[in-house]
Amino acid sequence: MTRHTRPFRGTAAAVVLLGGLIGPLAACGGDGETGGAGEGTSAQDAPTDAPLERFCELANDSSWMTEVADGDYAGMADALHAYVAELEELGTPADIPADAREGFVILNDAVARITAEGLEKVDNSADLDGADPFGIDLTAEQQDKINAYNVYQAEACAD
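Each residue of the sequence shown is one higher than the last, beginning at 26 in our numbering.
Here it is as structure tokens:
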């Protein structure tokens, strides 16, 4: 079994969403229904008082994807969902702007819906031709809020 030391080829654009790369997810337009993490949970319930240092440590941590075997899409989806659950448990710092906080919620709720099948489509497709392999539709306003979150994270967590 080959261990990954980097994300799957196509999955890098789709999964490293939390590091500022939105990939196919943000390219999707639609009605904006993102849903929650599967069992009625939502990043909306995440705390709003996370210590900045811990937030940055977790938000910038990509180790969750290094222990997944090449081609193990279910393992990648599980690792991604566990990572999002950690982010939701920690929450955001108190000083996060409202639009960035909304972006955190939208992004984490959307990422929680990513499936192994969607990851496989992304990894095995040279060109998705604008198609959303995850079935997640985001409005332009939601994409703007995700971008606001990514800007906040990049600025607040700059080394």
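Even glycine gets a Cβ: it sits at the ideal position worked out from N, Cα and C.
DSSP state of A179 mapped onto helix, strand, coil: helix
Backbone secondary structure at A75 - three-state DSSP: In the structure shown, A75 sits in coil (DSSP, three-state: anything other than H, G, I, E or B).
Nearest residue (CA-CA) to A179, options T140, A75, F80: Ranked by Cα distance from A179, the options T140, A75, F80 are led by F80.
For A126 and A68, I'd like the C-alpha separation in whole angstroms. Checking the displayed sequence, the identity of residue 126 turns out to be Arg instead of Ala. Rounded to the nearest angstrom, the two C-alpha atoms are 10 Å apart.
For the 8 Å Cβ check, are there 3 or more pairs between the stretch 116–123 and the stretch 162–181? Taking 8 Å as the limit for Cβ pairs, the verdict is that the stretch 162–181 does touch the stretch 116–123.
Residue burial classification, A135 (beta-carbon count within 10 angstroms, cutoff 16): buried
Going by C-alpha distance, which of D148, A107, P122 is nearest N133? A107
Suppose you measure from the CA of E113 to the CA of S150; what does that come to, to the nearest Å? A straight-line Cα-Cα distance of about 30 Å links E113 and S150.
Give the DSSP-derived three-state secondary structure of A84 in the structure shown. helix
Enumerate, from N- to C-terminal direction, the unbroken alpha helix (DSSP H) stretches of 4 or more residues contained entirely within the stretch 91–137. Taking only runs of at least 4 residues, the alpha helix (DSSP H) segments lying wholly in the stretch 91–137 are 98–115, 123–136.
Let me check understanding here. Comparing Cα to Cα, which of L77, D124, K170, M90 lies closest to V109? M90
Buried or exposed by the 16-neighbour rule on C-beta atoms within 10 Å, applied to A104: buried
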